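Beneath this line is the structure, given in structure tokens, with notes to follow.
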Amino acid sequence: MTELSSALQKTPTGIQGLDEIVGGGLPHARTTLICGGPGCGKTLLATEFLVHGTLQYDEPGVFMAFEETAEDLAKNVASLGIDLEGLIAQNRIFVDYIYIERSEIEETGEYDLEGLFIRLASAIDAVGAKRVVLDTIETIFAGFANESILRSEIRRLFRWLKDKGVTAIVTGERGEKTLTRYGLEEYVSDCVILLDVRMENKMANRILRVVKYRGSAHGADEYPFLIGDTGLWVQPITSLGLNYPVSNEHISTGVFQLDEMLDRCGYYRGSPVLVSGTAGTGKTSLAASLVDAACRQGERCLYIAFEESTSQIIRNMRSIGIDLEPWVQQDLLRFRAARPFFYGIEMHLLLLQKLVEEFQPSVMVIDPLTNLISIGSDSEVKSMLVRLIDYLKMKQITALFTSLTGGGEAEAASEVGISSLMDTWLLVRNLESNSERNRGLYVLKARGQAHSTQVREFRLTDRGIDLVDVYVGPEGILTGSARLIQEGRDRISLQQRQAEIERRRRELELKRKAVESQVAVLQAELETEEEEFQRALTEEEIAQTMQAEERESVIRSRRAPSNGGAQKNQEEA
Amino acid sequence: MTSPNRPARTLHNENSVEELWELRLYVAGQTPKSLEAFANLKKLCEEHLAGNYRIEVIDLLENPRLARGDQILAVPTLVRKLPEPVKKIIGDLSNTERVLVGLDLRPVGGKKNAPIPRGGEIENG
């Protein structure tokens, strides 16, 4: 089997994603059946097969149109930027319109469809075709009555195509219980692709499935696809695994304090971030901050808005000092505003991918994710989100999803399904107290990052987002004016305490001064006493000196007879 | 129109008021089926449109591109180009009854349903 598949030559369709699903292309020189209901994109797929064939692989093609004229066909694909008429004029594609009107045809006796073979052969020769499309060959069943002839002729046709070495697509309308109304699948044994349009909740989902591909590995799932302005677009991402590269780089949240809370760096690049909160808590503002910061670094951002229009978001963000308009003008920021119920959930995924492929952004915002969730069942949403996030991670796109929660106890529980996919989860919530509503921001989780576990008060100012430490006091956390009042109170009491200290200092000073002055008085008294004492002492000394002198003079005078002095004293006595 | 084996219109003007029947037989090679178809057609025309018809045989193997003009898929195909509207009969024309119905010819006599030629109905490829 493996030998066979390696030997199996493939012819690429050139349709994005489809070649990936069928492992390289349609079986070379074989016939592939494309079946599906009306308007499912069979003709478009077939036309693209031919157009890409000649443009990309230099393989001219023949289109045998049983349902539309060449002009109609060209007109239908012109809107997709395909110049079919030009290619016809250049002899790179040959369109043969086959008209069958049963009312004009009478059958008598034996016949075969050699005319068809001859036309096909001449068309193939005319352009040197390597690819052939028969759209829709089943029309011949409506044109001719003899089914046994038709069946053997169709079998012969497929064999003939194989002998011709052309890779062919035949299209078939879907039948009631069979893949095609006339059982074409019986004759096509190599490759059968089914296209389908499913209505779910009044929304159309286009689905592609490879029913059979002999000798080749192929994706067996149902792949949603789009018919966009570039044609058919399918992206097989169910095959993604958990082996994407991870980045150690960070990307700023656009809010300095929030970067600080997240390990001082911000979000991990390429990681999904969930910002959840009740209405009006500033989720969009957080998203806009991220976008603004990224655009400042010259990075491209994609903003998917499910609730507000582009101009509304720009206006609202301007009121908090974030001007996104210049980024839009520089084409660094692209908005896509659409109501979620315009498409089914798979269509949304595909559209998102298409936008990402076209724009290659490094940051993507989905605001709000919850609106997307409302259009599908839980399992569908989960499956879609897993693939979306895997895809974004692989693309290294930092994605911020906002999520509107109803509030209350259940809010965290209801988001468990989503949040487990997210690497960072911020919760913004209203903190109500004193008949006032304030916003608080928590980092609920941040995988692989040391992060603050504190609640911050989250304020929207005219200069962007400001995160303030909340007041944590004995009465719990205080925010808003309560915080302001408390802070005021604190300030006043501080002032009061300071004043008290000052007063006591002054008192002490006074006291000291009083004591000092008392000391001075006492000192002065002491000094006075000392002075008096000294004076008295001196007088005493003088008096004593004088007495002594007097006594001496008396003595001397007493001794005068014997000597002059004493004599004199005696004389005086 | 320039096929060899039938009389020109002028020769039959005196015959009736009916216009010329212009028939084309598309075949792919000289297969038994195509030979039989031609023989059946010839016989039928002689019986019902004696002298008032012409048959052009186109071999698609020789002129494959002509198949597009008259939107031929099956062979043999007999195309009634005139009188209008265009009619197609496929097969070896072995069932005479059906061929006559297909050609809008009454099986009895040379009378037909006198289709009025209408210019706008010519389809072409």
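Those sequence lines, one after another, are chains A and B. Here the first sequence is numbered in numbering that gives the first Met the number 0, starting from 0 and rising by one per residue. Here the second sequence is numbered in numbering that gives the first Met the number 0, starting from 0 and rising by one per residue. Positions of the beta carbon are idealized from the N, C-alpha and C atoms, including for glycine. Keep in mind it's a predicted model, so treat the numbers as computed, not measured.
**Q.** When L225/A, R496/A, C294/A, Y470/A are compared against V196/A, the one with the closest alpha-carbon
**A.** Distances from the CA of V196/A to each of L225/A, R496/A, C294/A, Y470/A were compared; the closest alpha carbon is that of L225/A.
Q: Determine the direct distance from the alpha carbon of L102/B to that of L81/B, and round the result to whole angstroms.
A: Those two C-alpha atoms are separated by around 10 angstroms.
Q. With 7 angstroms set as the bound, which would you pick, yes or no: does the beta-carbon of A38/B sit closer than that to a beta-carbon of chain A?
A. No, because no Cβ of chain A sits closer than 7 angstroms to the Cβ of A38/B.
Q) In this structure, does DSSP put P325/A in helix, strand or coil? A) If DSSP states are grouped into helix, strand and coil, P325/A belongs with the helices.
Q) Residues in the region 82-97 of chain B with C-beta within 9 angstroms of chain A's C-beta atoms, listed in sequence order? A) Flagged, chain order: P84, V85, K86, K87, I88, I89, G90, D91, L92, S93, N94, T95, E96, R97.
Q.
Can you confirm whether R64/B, when its beta carbon is compared against all beta carbons of chain A, has any partner nearer than 7 angstroms?
A. For R64/B, the answer is yes, since a Cβ of chain A falls inside 7 angstroms of its Cβ.
Q: Mind the definition here: the region 93-111 of chain A touches the region 125-144 of chain A only if three or more C-beta pairs lie below 8 angstroms; say whether that holds.
A: In this structure the region 93-111 of chain A lies against the region 125-144 of chain A, because at least three pairs of beta carbons, one per stretch, are closer than 8 angstroms.
Q.
Against chain A, does A73/B count as a neighbour if the rule is that its beta carbon must be under 7 angstroms from one of theirs?
A. Yes, contact with chain A.
Q: Have a look at the DSSP bridge pairing and note the partners of P59/A.
A: Answer is none; P59/A lacks a bridge partner.
Q. Mind pulling the chain B residues with CB within less than 8 angstroms of G114/A?
A. Near G114/A (Cβ distances below 8 angstroms), the residues of chain B are Y25, A27, L59, A66, I71, L72, A73, V74, T76.
Q: Give a yes or no on whether the C-beta atoms belonging to L443/A and R455/A are separated by under 7 angstroms.
A: For L443/A and R455/A, no; Cβs fall outside 7 angstroms.
Q.
Nearest by alpha-carbon distance to E67/A: which of E259/A, I491/A, K41/A is it?
A. When each option's Cα is compared against that of E67/A, the closest is K41/A.
Q: Verify the CB distance criterion: does K80/B have a CB-CB separation below 7 angstroms to chain A?
A: No, K80/B does not count as interfacial toward chain A.
Q. How about V187/A and L32/A: do their beta carbons lie closer than 7 angstroms?
A. Against a cut-off of 7 angstroms, the Cβ pair of L32/A and V187/A comes out as a contact.
**Q.** Status (buried if at least 16 other CB within 10 Å, exposed otherwise) for F521/A
**A.** The sequence shown places Leu at residue 521/A, rather than the Phe named in the question. L521/A counts as exposed, since fewer than 16 other C-beta atoms from the protein chains shown sit within 10 angstroms of its C-beta.
Q) Who does H249/A pair with in a DSSP beta bridge? A) H249/A has Y267/A as its beta-bridge partners, per DSSP.
Q: Give the straight-line distance between the Cα atoms of C264/A and V362/A, rounded to the nearest whole angstrom.
A: Here the alpha carbon of C264/A sits roughly 16 angstroms from the alpha carbon of V362/A.
Q | Pairwise C-alpha distance: K32/B and A38/B | A | Between A38/B and K32/B, the alpha-carbon positions lie close to 10 angstroms from each other.
Q.
Please list, in chain order, the chain A residues whose beta carbon lies closer than 9 angstroms to that of K32/B.
A. Ordered by position in chain A, the residues that pass the 9 angstroms Cβ test against K32/B are G108, E109, Y110, D111.
**Q.** Extent of the continuous alpha helix (DSSP H) to which G230/A belongs
**A.** For G230/A, there is no enclosing alpha helix (DSSP H); the enclosing beta strand (DSSP E) has its first and last residue at 230-233.
Q | In chain order, each beta strand (DSSP E) run of at least 3 residues that lies wholly inside the region 4-74 of chain B | A | Correct list: 20-26, 52-58.
Q: Measuring alpha carbon to alpha carbon, tell me which of L119/A, S288/A, T283/A, L7/A ends up nearest Q639/A.
A: A question about residue 639/A goes unanswered here, because the residues of chain A that appear run from 0 up to 572.
Q.
Taking the alpha carbon of V364/A as the reference point, which residue from A128/A, Y342/A, L391/A, K381/A has its own alpha carbon closest?
A. Nearest of A128/A, Y342/A, L391/A, K381/A to V364/A, Cα basis: L391/A.
Q: Please say whether A28/A and G214/A have beta carbons closer to each other than 7 angstroms?
A: In this structure, A28/A does not lie closer than 7 angstroms to G214/A by Cβ.
Q. Expressed to the nearest angstrom, what Euclidean distance is found between the alpha-carbon atoms of V210/A and I153/A?
A. Distance between the alpha carbons of V210/A and I153/A is about 21 angstroms.
**Q.** Spatial neighbours of L403/A in its chain, beta-carbon cut-off 6 angstroms, leaving aside the 5 residues before and after
**A.** Only P367, T369 meet the Cβ criterion.
(Q) My output table needs one value for D134/A: the three-state DSSP class, helix, strand or coil. (A) DSSP places D134/A in strand when its eight states are reduced to three.
Q. Using the beta-carbon of each residue, which ones in chain B are nearer than 7 angstroms to I97/A?
A. Under the 7 angstroms cutoff, chain B gives Q70, L72.
(Q) In whole angstroms, give me the CA-to-CA distance for N315/A and D291/A. (A) Answer to the nearest angstrom: the Cα atoms are 14 angstroms apart.
(Q) Once the 5 residues before and after S552/A are set aside, which same chain residues still bring their CB inside 6 angstroms of it? (A) For S552/A, where only same-chain residues beyond five positions count, there are no Cβ hits under 6 angstroms.
**Q.** Short CB-CB distance (under 7 angstroms) between I92/A and chain B
**A.** Chain B contact via Cβ: absent.
Q. Residues in its own chain within less than 8 angstroms of R180/A by CB, not counting five upstream and five downstream?
A. Sequence-distant Cβ neighbours of R180/A in its own chain, meaning closer than 8 angstroms and more than five residues away, are E137, F140, G171, E172, R173, G174.
Q. Would you report the Cα separation of L54/A and G182/A, rounded to the nearest angstrom?
A. Near 33 angstroms, if we compare the C-alpha coordinates of G182/A and L54/A.
(Q) Check whether chain A comes within 7 angstroms of L104/B, counting only Cβ atoms and requiring the distance to be less than that. (A) No, its Cβ sits nowhere closer than 7 angstroms to a Cβ of chain A.
Q.
Mapping the DSSP letters down to three states, classify I14/A as helix, strand or coil.
A. In this structure, I14/A counts as coil in the three-state DSSP scheme.
**Q.** Residues that S604/A contacts on chain B, provided the C-beta gap is smaller than 7 angstroms
**A.** With chain A running from 0 to 572 in the structure shown, residue 604/A is simply not present.
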